[in-house]
Amino acid sequence: MRHQIHDLLAPLPGTARKIHSFHFGPEKAEGKIYIQSSLHADELPGMLVAWHLKQRLAELEASGHLRYEIVLVPVANPIGLEQVLMDVPLGRYELESGQNFNRRFVDLSEEIGNEIEELLTDDPQHNLLLIRTSLRDALSRQTAGTQLQSQRLVLQRLACDADMVLDLHCDFEAVAHLYTTPEAWPQVEPLARYIGAEASLLATDSGGQSFDECFTLLWWQLKERFGERFEIPLGSFSVTVELRGQGDVNHGLASLDCQALIEYLIRFGAIDGEPVPLPDLPYPATPLAAVEPVATPVGGLLVYSALPGEYMEAGQLIAEIIDPVNDTVTPVHCRNAGLLYARSLRRMATAGMVIAHVAGTEAYRSGYLLSP
(Lines of atoms letter the chains of each structure in order from A; the text may use other names.)
(Lines give C-alpha, C1' and ligand atoms only; values in the text may rest on other atoms or scores of the structure.)
Protein backbone atom coordinates (compact mmCIF):
# COMPACT_ATOMS: atom_id res chain seq x y z
CA MET A 142 0.00 0.00 0.00
CA ARG A 143 1.16 3.47 -0.87
CA HIS A 144 -0.19 6.30 1.27
CA GLN A 145 -0.31 9.73 -0.37
CA ILE A 146 -1.20 13.04 1.31
CA HIS A 147 -2.70 15.90 -0.71
CA ASP A 148 -2.70 19.41 0.74
CA LEU A 149 -5.75 21.64 0.31
CA LEU A 150 -5.55 25.38 -0.04
CA ALA A 151 -5.72 26.83 3.46
CA PRO A 152 -8.48 29.46 3.82
CA LEU A 153 -6.66 31.08 6.76
CA PRO A 154 -3.22 30.69 8.37
CA GLY A 155 -3.08 27.62 10.59
CA THR A 156 -6.17 25.95 9.09
CA ALA A 157 -4.69 23.67 6.41
CA ARG A 158 -6.51 20.41 5.65
CA LYS A 159 -5.41 17.31 3.76
CA ILE A 160 -6.89 14.45 1.77
CA HIS A 161 -5.38 10.99 2.24
CA SER A 162 -5.39 8.44 -0.58
CA PHE A 163 -4.39 4.80 -0.24
CA HIS A 164 -3.10 3.04 -3.35
CA PHE A 165 -3.20 -0.75 -3.55
CA GLY A 166 -2.02 -3.16 -6.22
CA PRO A 167 0.83 -3.15 -8.73
CA GLU A 168 2.17 0.23 -9.84
CA LYS A 169 2.13 -0.95 -13.48
CA ALA A 170 -1.35 -2.38 -13.32
CA GLU A 171 -3.81 -3.53 -15.97
CA GLY A 172 -6.21 -0.75 -15.00
CA LYS A 173 -7.35 1.53 -12.23
CA ILE A 174 -10.32 1.64 -9.85
CA TYR A 175 -11.09 4.71 -7.77
CA ILE A 176 -13.30 4.52 -4.65
CA GLN A 177 -14.14 7.38 -2.30
CA SER A 178 -16.57 7.85 0.57
CA SER A 179 -18.42 10.60 2.41
CA LEU A 180 -18.13 13.41 -0.12
CA HIS A 181 -21.24 14.55 1.71
CA ALA A 182 -19.47 14.51 5.04
CA ASP A 183 -22.55 13.69 7.13
CA GLU A 184 -23.09 10.47 5.12
CA LEU A 185 -20.96 8.00 7.05
CA PRO A 186 -21.97 4.42 6.10
CA GLY A 187 -19.53 4.56 3.17
CA MET A 188 -16.69 5.67 5.42
CA LEU A 189 -17.09 2.52 7.51
CA VAL A 190 -17.31 0.40 4.34
CA ALA A 191 -14.10 2.06 3.14
CA TRP A 192 -12.39 1.17 6.43
CA HIS A 193 -13.41 -2.48 6.01
CA LEU A 194 -12.33 -2.34 2.36
CA LYS A 195 -8.95 -0.93 3.34
CA GLN A 196 -8.22 -4.00 5.49
CA ARG A 197 -9.39 -6.42 2.78
CA LEU A 198 -7.39 -4.71 0.02
CA ALA A 199 -4.23 -4.85 2.14
CA GLU A 200 -4.74 -8.62 2.53
CA LEU A 201 -5.43 -9.11 -1.18
CA GLU A 202 -2.38 -7.05 -2.10
CA ALA A 203 -0.16 -9.07 0.24
CA SER A 204 -1.39 -12.32 -1.34
CA GLY A 205 -0.83 -11.00 -4.89
CA HIS A 206 -4.49 -11.04 -5.92
CA LEU A 207 -4.81 -7.44 -7.12
CA ARG A 208 -4.60 -6.99 -10.89
CA TYR A 209 -5.64 -3.33 -10.99
CA GLU A 210 -4.45 -0.36 -9.00
CA ILE A 211 -7.23 0.43 -6.52
CA VAL A 212 -7.21 3.94 -5.05
CA LEU A 213 -9.23 4.43 -1.86
CA VAL A 214 -10.10 7.81 -0.33
CA PRO A 215 -12.02 7.08 2.88
CA VAL A 216 -12.45 10.75 3.89
CA ALA A 217 -13.23 12.68 0.71
CA ASN A 218 -14.42 15.86 2.43
CA PRO A 219 -12.35 17.04 5.41
CA ILE A 220 -13.89 20.51 5.04
CA GLY A 221 -17.44 19.30 5.60
CA LEU A 222 -16.44 16.76 8.23
CA GLU A 223 -15.46 19.62 10.56
CA GLN A 224 -18.70 21.57 10.03
CA VAL A 225 -20.54 20.77 13.26
CA LEU A 226 -22.84 23.49 14.58
CA MET A 227 -24.16 23.02 18.12
CA ASP A 228 -23.81 19.22 17.87
CA VAL A 229 -25.42 19.05 14.40
CA PRO A 230 -23.18 17.87 11.51
CA LEU A 231 -23.62 19.96 8.35
CA GLY A 232 -21.71 18.05 5.71
CA ARG A 233 -23.78 18.51 2.54
CA TYR A 234 -23.07 22.19 1.85
CA GLU A 235 -20.03 24.33 2.49
CA LEU A 236 -21.07 26.92 5.04
CA GLU A 237 -18.96 29.71 3.54
CA SER A 238 -20.34 29.51 -0.01
CA GLY A 239 -23.55 27.52 0.44
CA GLN A 240 -22.41 25.20 -2.37
CA ASN A 241 -23.17 21.49 -2.41
CA PHE A 242 -19.91 19.57 -1.98
CA ASN A 243 -21.00 17.21 -4.78
CA ARG A 244 -21.62 19.77 -7.50
CA ARG A 245 -19.61 22.08 -9.80
CA PHE A 246 -16.69 19.80 -10.58
CA VAL A 247 -14.61 21.13 -13.46
CA ASP A 248 -15.96 20.52 -16.97
CA LEU A 249 -13.03 20.25 -19.42
CA SER A 250 -14.72 18.50 -22.32
CA GLU A 251 -14.55 21.43 -24.76
CA GLU A 252 -10.93 22.25 -23.90
CA ILE A 253 -9.83 18.64 -24.28
CA GLY A 254 -11.84 18.20 -27.48
CA ASN A 255 -10.08 21.17 -29.03
CA GLU A 256 -6.69 19.89 -27.88
CA ILE A 257 -7.04 16.33 -29.24
CA GLU A 258 -9.01 16.95 -32.44
CA GLU A 259 -5.99 16.85 -34.74
CA LEU A 260 -4.41 13.91 -32.89
CA LEU A 261 -7.26 11.38 -32.97
CA THR A 262 -6.89 8.27 -35.13
CA ASP A 263 -8.88 5.16 -36.07
CA ASP A 264 -7.28 3.28 -33.14
CA PRO A 265 -9.62 3.40 -30.10
CA GLN A 266 -6.80 2.46 -27.70
CA HIS A 267 -4.70 5.35 -28.98
CA ASN A 268 -7.66 7.69 -28.53
CA LEU A 269 -8.31 6.43 -25.00
CA LEU A 270 -4.73 7.05 -23.90
CA LEU A 271 -4.68 10.41 -25.69
CA ILE A 272 -7.83 11.60 -23.89
CA ARG A 273 -6.60 10.41 -20.49
CA THR A 274 -3.26 12.16 -20.95
CA SER A 275 -5.00 15.34 -22.06
CA LEU A 276 -7.37 15.21 -19.09
CA ARG A 277 -4.55 14.70 -16.59
CA ASP A 278 -2.62 17.59 -18.12
CA ALA A 279 -5.67 19.87 -18.21
CA LEU A 280 -6.46 19.19 -14.56
CA SER A 281 -2.82 19.80 -13.59
CA ARG A 282 -3.08 23.26 -15.17
CA GLN A 283 -6.16 24.18 -13.16
CA THR A 284 -5.66 26.45 -10.17
CA ALA A 285 -7.88 26.81 -7.14
CA GLY A 286 -8.91 30.08 -5.57
CA THR A 287 -10.70 28.59 -2.58
CA GLN A 288 -10.34 25.64 -0.26
CA LEU A 289 -13.46 24.04 -1.77
CA GLN A 290 -12.11 24.37 -5.31
CA SER A 291 -8.82 22.79 -4.23
CA GLN A 292 -10.68 19.85 -2.70
CA ARG A 293 -12.61 19.30 -5.90
CA LEU A 294 -9.41 19.42 -7.94
CA VAL A 295 -7.59 16.93 -5.70
CA LEU A 296 -10.44 14.43 -6.04
CA GLN A 297 -10.75 14.91 -9.80
CA ARG A 298 -7.01 14.49 -10.32
CA LEU A 299 -6.99 11.28 -8.30
CA ALA A 300 -9.89 9.74 -10.26
CA CYS A 301 -9.56 11.18 -13.77
CA ASP A 302 -7.74 8.23 -15.35
CA ALA A 303 -9.66 5.44 -13.60
CA ASP A 304 -11.56 2.82 -15.55
CA MET A 305 -14.21 2.79 -12.83
CA VAL A 306 -15.19 5.42 -10.23
CA LEU A 307 -17.28 4.41 -7.20
CA ASP A 308 -18.59 7.25 -5.04
CA LEU A 309 -20.04 5.94 -1.75
CA HIS A 310 -22.93 7.98 -0.35
CA CYS A 311 -26.15 7.41 1.58
CA ASP A 312 -29.53 9.13 1.78
CA PHE A 313 -31.50 10.23 4.85
CA GLU A 314 -33.66 7.12 5.44
CA ALA A 315 -33.38 4.77 2.47
CA VAL A 316 -32.85 1.35 0.99
CA ALA A 317 -29.68 0.64 -0.97
CA HIS A 318 -29.80 2.27 -4.40
CA LEU A 319 -27.44 3.70 -7.00
CA TYR A 320 -27.08 6.25 -9.79
CA THR A 321 -25.28 5.69 -13.07
CA THR A 322 -25.73 6.25 -16.81
CA PRO A 323 -27.70 4.20 -19.35
CA GLU A 324 -24.45 3.67 -21.27
CA ALA A 325 -22.72 2.21 -18.18
CA TRP A 326 -25.65 0.10 -16.96
CA PRO A 327 -24.50 -3.21 -18.54
CA GLN A 328 -21.23 -2.93 -16.58
CA VAL A 329 -22.94 -1.68 -13.42
CA GLU A 330 -25.78 -4.19 -13.24
CA PRO A 331 -23.66 -6.83 -11.43
CA LEU A 332 -22.83 -4.24 -8.76
CA ALA A 333 -26.54 -3.48 -8.33
CA ARG A 334 -27.16 -7.18 -7.81
CA TYR A 335 -24.30 -7.70 -5.34
CA ILE A 336 -25.12 -4.58 -3.32
CA GLY A 337 -28.86 -5.35 -3.32
CA ALA A 338 -29.83 -2.05 -4.94
CA GLU A 339 -33.60 -1.70 -4.69
CA ALA A 340 -33.51 1.20 -7.16
CA SER A 341 -31.02 1.85 -9.97
CA LEU A 342 -31.51 5.29 -11.46
CA LEU A 343 -30.11 6.11 -14.90
CA ALA A 344 -29.32 9.47 -16.49
CA THR A 345 -26.62 10.62 -18.89
CA ASP A 346 -26.68 14.19 -17.57
CA SER A 347 -28.69 14.91 -14.43
CA GLY A 348 -27.33 18.46 -14.09
CA GLY A 349 -25.03 20.06 -11.56
CA GLN A 350 -21.72 18.51 -12.73
CA SER A 351 -21.58 16.09 -9.80
CA PHE A 352 -18.46 14.04 -9.09
CA ASP A 353 -19.59 10.89 -10.84
CA GLU A 354 -20.86 12.68 -13.94
CA CYS A 355 -17.80 14.90 -14.39
CA PHE A 356 -16.05 11.78 -15.73
CA THR A 357 -18.78 9.96 -17.64
CA LEU A 358 -20.00 13.18 -19.26
CA LEU A 359 -16.55 13.99 -20.58
CA TRP A 360 -16.31 10.71 -22.48
CA TRP A 361 -19.92 10.90 -23.66
CA GLN A 362 -19.50 14.47 -24.92
CA LEU A 363 -16.30 13.59 -26.79
CA LYS A 364 -18.05 10.59 -28.33
CA GLU A 365 -20.93 12.85 -29.40
CA ARG A 366 -18.49 15.35 -30.92
CA PHE A 367 -16.12 12.97 -32.73
CA GLY A 368 -17.96 9.64 -32.89
CA GLU A 369 -18.88 9.91 -36.58
CA ARG A 370 -15.23 10.38 -37.54
CA PHE A 371 -13.27 8.49 -34.88
CA GLU A 372 -13.90 5.63 -32.51
CA ILE A 373 -14.08 7.14 -29.03
CA PRO A 374 -14.38 4.52 -26.28
CA LEU A 375 -16.20 5.23 -23.03
CA GLY A 376 -12.95 5.26 -21.12
CA SER A 377 -14.45 5.60 -17.66
CA PHE A 378 -17.73 4.85 -15.97
CA SER A 379 -18.92 6.08 -12.60
CA VAL A 380 -21.47 4.99 -10.01
CA THR A 381 -22.87 6.80 -7.01
CA VAL A 382 -23.66 4.03 -4.53
CA GLU A 383 -26.20 5.01 -1.86
CA LEU A 384 -25.64 2.76 1.16
CA ARG A 385 -29.11 3.11 2.72
CA GLY A 386 -29.61 5.84 5.37
CA GLN A 387 -27.48 8.05 7.57
CA GLY A 388 -28.13 5.92 10.63
CA ASP A 389 -26.99 2.68 8.97
CA VAL A 390 -23.45 2.76 10.36
CA ASN A 391 -22.68 -0.67 11.78
CA HIS A 392 -20.16 -3.42 11.18
CA GLY A 393 -22.73 -5.94 10.00
CA LEU A 394 -23.94 -3.89 7.04
CA ALA A 395 -20.48 -2.49 6.31
CA SER A 396 -18.99 -5.98 6.17
CA LEU A 397 -21.70 -7.13 3.74
CA ASP A 398 -21.24 -4.05 1.54
CA CYS A 399 -17.46 -4.47 1.56
CA GLN A 400 -17.84 -8.08 0.44
CA ALA A 401 -20.29 -7.02 -2.27
CA LEU A 402 -17.72 -4.55 -3.64
CA ILE A 403 -15.00 -7.21 -3.54
CA GLU A 404 -17.20 -9.67 -5.42
CA TYR A 405 -17.98 -7.02 -8.02
CA LEU A 406 -14.29 -6.18 -8.49
CA ILE A 407 -13.53 -9.88 -8.90
CA ARG A 408 -16.21 -10.19 -11.57
CA PHE A 409 -14.90 -7.01 -13.25
CA GLY A 410 -11.40 -8.49 -13.38
CA ALA A 411 -9.66 -6.07 -11.01
CA ILE A 412 -9.10 -8.81 -8.40
CA ASP A 413 -8.09 -12.40 -9.11
CA GLY A 414 -10.65 -14.95 -8.04
CA GLU A 415 -13.81 -16.80 -8.94
CA PRO A 416 -16.87 -14.54 -8.62
CA VAL A 417 -19.83 -15.86 -6.69
CA PRO A 418 -23.08 -16.28 -8.64
CA LEU A 419 -25.03 -13.10 -9.25
CA PRO A 420 -28.03 -12.59 -6.96
CA ASP A 421 -31.37 -11.51 -8.39
CA LEU A 422 -31.84 -7.82 -9.17
CA PRO A 423 -34.34 -6.53 -6.59
CA TYR A 424 -35.87 -3.87 -8.90
CA PRO A 425 -35.20 -3.08 -12.56
CA ALA A 426 -33.19 -0.03 -13.58
CA THR A 427 -35.38 3.01 -14.25
CA PRO A 428 -34.77 6.52 -15.59
CA LEU A 429 -33.80 9.16 -13.06
CA ALA A 430 -36.27 11.35 -14.94
CA ALA A 431 -39.00 8.96 -13.74
CA VAL A 432 -38.30 9.67 -10.06
CA GLU A 433 -41.09 11.57 -8.33
CA PRO A 434 -39.91 13.96 -5.60
CA VAL A 435 -42.97 13.92 -3.32
CA ALA A 436 -43.45 17.34 -1.73
CA THR A 437 -45.84 18.56 0.94
CA PRO A 438 -48.02 21.62 0.21
CA VAL A 439 -48.12 22.68 3.87
CA GLY A 440 -45.92 22.61 6.94
CA GLY A 441 -46.45 20.68 10.15
CA LEU A 442 -45.65 17.44 11.94
CA LEU A 443 -44.59 14.81 9.42
CA VAL A 444 -46.09 11.38 10.14
CA TYR A 445 -45.19 8.72 7.57
CA SER A 446 -47.51 5.96 6.42
CA ALA A 447 -44.96 4.17 4.19
CA LEU A 448 -41.44 2.83 4.65
CA PRO A 449 -38.45 2.90 2.31
CA GLY A 450 -38.54 -0.24 0.19
CA GLU A 451 -42.32 -0.32 -0.19
CA TYR A 452 -43.85 -0.35 -3.65
CA MET A 453 -46.39 2.47 -3.94
CA GLU A 454 -49.45 2.46 -6.13
CA ALA A 455 -50.38 5.69 -7.90
CA GLY A 456 -52.22 7.93 -5.46
CA GLN A 457 -51.18 5.96 -2.38
CA LEU A 458 -50.82 7.77 0.96
CA ILE A 459 -47.21 8.41 1.93
CA ALA A 460 -47.60 10.69 4.95
CA GLU A 461 -49.83 13.04 6.87
CA ILE A 462 -48.93 16.60 7.82
CA ILE A 463 -50.51 17.62 11.11
CA ASP A 464 -50.98 21.23 12.21
CA PRO A 465 -51.18 21.00 16.03
CA VAL A 466 -52.57 24.54 16.30
CA ASN A 467 -55.66 24.29 14.08
CA ASP A 468 -55.87 20.46 14.02
CA THR A 469 -55.67 20.28 10.21
CA VAL A 470 -54.47 16.94 8.86
CA THR A 471 -53.18 17.11 5.27
CA PRO A 472 -52.60 13.81 3.47
CA VAL A 473 -49.68 13.60 1.05
CA HIS A 474 -49.96 11.06 -1.77
CA CYS A 475 -47.60 10.05 -4.53
CA ARG A 476 -48.90 10.74 -8.03
CA ASN A 477 -47.15 7.84 -9.74
CA ALA A 478 -46.57 4.19 -8.97
CA GLY A 479 -43.07 3.10 -8.05
CA LEU A 480 -40.64 2.11 -5.32
CA LEU A 481 -40.33 4.48 -2.36
CA TYR A 482 -36.56 4.31 -1.98
CA ALA A 483 -35.79 7.30 0.25
CA ARG A 484 -37.51 9.64 2.68
CA SER A 485 -36.57 12.60 4.86
CA LEU A 486 -35.18 12.27 8.38
CA ARG A 487 -36.99 15.39 9.51
CA ARG A 488 -40.32 15.10 11.26
CA MET A 489 -41.31 18.74 11.07
CA ALA A 490 -42.00 19.56 7.43
CA THR A 491 -42.02 23.01 5.88
CA ALA A 492 -44.36 23.96 3.04
CA GLY A 493 -42.96 22.77 -0.30
CA MET A 494 -40.46 20.40 1.30
CA VAL A 495 -39.61 17.16 -0.53
CA ILE A 496 -40.34 14.38 1.95
CA ALA A 497 -39.78 11.27 -0.19
CA HIS A 498 -38.60 9.95 -3.55
CA VAL A 499 -40.44 7.31 -5.57
CA ALA A 500 -38.74 5.53 -8.47
CA GLY A 501 -41.29 5.20 -11.26
CA THR A 502 -40.76 3.69 -14.67
CA GLU A 503 -41.89 6.38 -17.14
CA ALA A 504 -39.70 9.46 -17.55
CA TYR A 505 -41.63 12.69 -17.12
CA ARG A 506 -39.07 15.19 -15.79
CA SER A 507 -36.29 16.99 -17.64
CA GLY A 508 -33.49 19.46 -16.94
CA TYR A 509 -31.93 19.47 -13.47
CA LEU A 510 -32.83 16.09 -11.92
CA LEU A 511 -30.86 16.06 -8.68
CA SER A 512 -31.70 17.14 -5.16
CA PRO A 513 -30.26 20.58 -4.28
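In terms of my numbering, the sequence shown is residues 142 to 513.
Every residue gets a Cβ at the ideal spot worked out from N, C-alpha and C, and that includes glycine.
No experiment lies behind these values; they were computed from the predicted model shown.
Compute the distance between the beta-carbons of residue i and residue j, then report whether it is under 8 Å.
{"i": "threonine 381", "j": "leucine 280", "result": "no"}
{"i": "alanine 315", "j": "isoleucine 336", "result": "no"}
{"i": "leucine 289", "j": "glutamate 235", "result": "yes"}
{"i": "serine 107", "j": "threonine 357", "result": "Residue 107 cannot be examined here, being either before or after the span of the chain that is shown, 142 to 513."}
{"i": "leucine 523", "j": "leucine 207", "result": "The structure shown has nothing for residue 523, since the chain only spans 142 to 513."}
{"i": "aspartate 248", "j": "glutamine 350", "result": "yes"}
{"i": "glycine 286", "j": "leucine 510", "result": "no"}
{"i": "alanine 436", "j": "methionine 489", "result": "no"}
{"i": "isoleucine 253", "j": "leucine 276", "result": "yes"}
{"i": "alanine 504", "j": "tyrosine 482", "result": "no"}
{"i": "valine 190", "j": "leucine 309", "result": "yes"}
{"i": "arginine 484", "j": "alanine 497", "result": "yes"}
{"i": "alanine 430", "j": "alanine 344", "result": "yes"}
{"i": "phenylalanine 97", "j": "asparagine 218", "result": "Limits of the chain in this structure are 142 at one end and 513 at the other, which puts residue 97 out of reach."}
{"i": "glutamate 372", "j": "proline 265", "result": "yes"}
{"i": "alanine 182", "j": "leucine 222", "result": "yes"}
{"i": "cysteine 311", "j": "arginine 245", "result": "no"}
{"i": "tyrosine 445", "j": "proline 331", "result": "no"}
{"i": "proline 416", "j": "arginine 408", "result": "yes"}
{"i": "leucine 307", "j": "serine 162", "result": "no"}
{"i": "arginine 282", "j": "aspartate 302", "result": "no"}
{"i": "phenylalanine 313", "j": "glutamine 387", "result": "yes"}
{"i": "arginine 197", "j": "histidine 164", "result": "no"}
I'd like the span of the alpha helix (DSSP H) that includes residue i, first residue to last.
{"i": "histidine 193", "result": "186-203"}
{"i": "arginine 366", "result": "354-367"}
{"i": "isoleucine 373", "result": "First-last for isoleucine 373: undefined, no H or E at that position."}
{"i": "isoleucine 160", "result": "It is not in any alpha helix (DSSP H) - isoleucine 160 instead sits in the beta strand (DSSP E) that spans 159-165."}
{"i": "leucine 478", "result": "Going by the sequence as given, residue 478 is alanine instead of leucine. That residue, alanine 478, is in no alpha helix (DSSP H); it is neither H nor E in DSSP."}
{"i": "histidine 181", "result": "First-last for histidine 181: undefined, no H or E at that position."}
{"i": "glutamate 252", "result": "250-257"}
{"i": "isoleucine 407", "result": "392-409"}
{"i": "glutamate 330", "result": "326-336"}
{"i": "isoleucine 220", "result": "219-222"}
Put residue i into one of helix, strand or coil per three-state DSSP.
{"i": "glutamine 240", "result": "coil"}
{"i": "glycine 450", "result": "coil"}
{"i": "glutamine 350", "result": "coil"}
{"i": "proline 230", "result": "strand"}
{"i": "glutamine 145", "result": "strand"}
{"i": "arginine 385", "result": "strand"}
{"i": "leucine 307", "result": "strand"}
{"i": "threonine 471", "result": "strand"}
{"i": "alanine 300", "result": "helix"}
{"i": "valine 247", "result": "coil"}
{"i": "valine 295", "result": "helix"}
{"i": "histidine 206", "result": "coil"}
{"i": "aspartate 278", "result": "helix"}
List the whole-angstrom C-beta distance separating residue i from residue j, where the pair is believed to meet the contact cut-off of C-beta under 8 Å.
{"i": "glutamate 324", "j": "proline 423", "result": "About 22 Å; that fails the 8 Å criterion."}
{"i": "asparagine 268", "j": "proline 374", "result": "7 Å"}
{"i": "histidine 147", "j": "valine 390", "result": "Contact doesn't hold; Cβ gap of about 26 Å is too wide."}
{"i": "serine 377", "j": "aspartate 304", "result": "6 Å"}
{"i": "glutamine 297", "j": "cysteine 355", "result": "7 Å"}
{"i": "alanine 411", "j": "tyrosine 209", "result": "4 Å"}
{"i": "phenylalanine 367", "j": "leucine 261", "result": "6 Å"}
Hey, quick one: how far does the beta strand (DSSP E) through residue i stretch, first residue to last?
{"i": "alanine 518", "result": "A question about residue 518 goes unanswered here, because the residues of the chain that appear run from 142 up to 513."}
{"i": "proline 428", "result": "426-428"}
{"i": "leucine 341", "result": "Note that residue 341 is serine in the sequence shown here, rather than leucine. 340-343 is the span of the beta strand (DSSP E), which, as asked, contains serine 341."}
{"i": "glutamate 210", "result": "210-214"}
{"i": "threonine 321", "result": "318-321"}
{"i": "glycine 286", "result": "Segment: none, glycine 286 is in no beta strand (DSSP E) and carries neither H nor E."}
{"i": "aspartate 441", "result": "The sequence shown places glycine at residue 441, not aspartate. Taken as a continuous stretch (DSSP letters only), the beta strand (DSSP E) holding glycine 441 covers 441-445."}
{"i": "leucine 458", "result": "458-463"}
{"i": "isoleucine 496", "result": "495-500"}
Beta-carbon of residue i versus every beta-carbon of chain B: anything under 8 Å?
{"i": "proline 167", "result": "Although the question refers to chain B, the structure presented lacks it and comprises just one protein chain."}
### Message
I'd like to know if the stretch 473-483 and the stretch 446-460 are in contact, where contact means that at least 3 CB-CB pairs between them fall below 8 Å.
### Response
yes
### Query
Do the stretch 168-177 and the stretch 236-248 touch if we need at least three Cβ pairs shorter than 8 Å?
no
### the stretch 202-221 touching the stretch 174-182, judged by at least three CB pairs closer than 8 Å
yes
### Touching by the beta-carbon criterion (3+ pairs, under 8 Å), the stretch 151-161 and the stretch 179-192
no
### Message
Measuring CB atoms only, is the stretch 459-466 touching the stretch 436-446, in the sense that at least three cross pairs come out at less than 8 Å?
### Response
yes
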